[in-house]
Amino acid sequence: MDWNVGPVIVNHALKVRIYPTAAQAELLAKTLDCKRWIWNYWLEERETYFHEHGNTTGFKYTSAKILKGTRPWLKEPDS
722 MDWNVGPVIV
732 NHALKVRIYP
742 TAAQAELLAK
752 TLDCKRWIWN
762 YWLEERETYF
772 HEHGNTTGFK
782 YTSAKILKGT
792 RPWLKEPDS
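If you use our numbering, the sequence shown corresponds to residues 722 to 800, in order.
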């Protein structure tokens with residue numbers, strides 16, 4: 722019998738329900754909106770760079786484009 726079948730992967734999940742106050746819900750919504758906007762912004766930047774240069778960008782290129790100075794609304798929620 723062959724016992725070399727590879728690693729066994731076990732996935733666990735934890736489902737948590739939260740009941741935020743109105744102020745917490747507003748902050749959570751702002752935080753998630755900012756995170757989603759940042760993700761989509763950098764995805765578009767990386768895709769544009771790839772189509773123009775034929776390779777992907779690194780941290781040096783993306784970190785040079787700090788967003789908080791030009792978009793102060795990104796500072797509002799927690800980072």
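Beta carbons are placed, not taken as given, at the ideal position from N, Cα and C, and that holds for glycine.
In this text, all values refer to a predicted model and were calculated from it rather than measured experimentally.
{"Asked": "Considering only C-alpha positions, which residue in the set H772, E766, G790, E773 is nearest to F780?", "Found": "E766"}
{"Asked": "Would you tell me roughly how many angstroms separate the C-alpha atoms of L757 and L748, rounded to the nearest one?", "Found": "What sits at residue 757 in the sequence shown is Arg, not Leu. Roughly 14 Å between the two C-alpha positions."}
{"Asked": "Rounded to the nearest angstrom, what separates Y770 and W763 at their Cα positions?", "Found": "10 Å"}
{"Asked": "According to the Cβ coordinates, are P798 and T742 closer than 7 Å?", "Found": "no"}
{"Asked": "Suppose the cutoff is 7 Å on Cβ atoms and the five residues either side in sequence are ignored; what does the same chain contact list for D754 look like?", "Found": "none"}
{"Asked": "With distances taken from CA atoms, which of G727, V731, T783, H733 is nearest I759?", "Found": "T783"}
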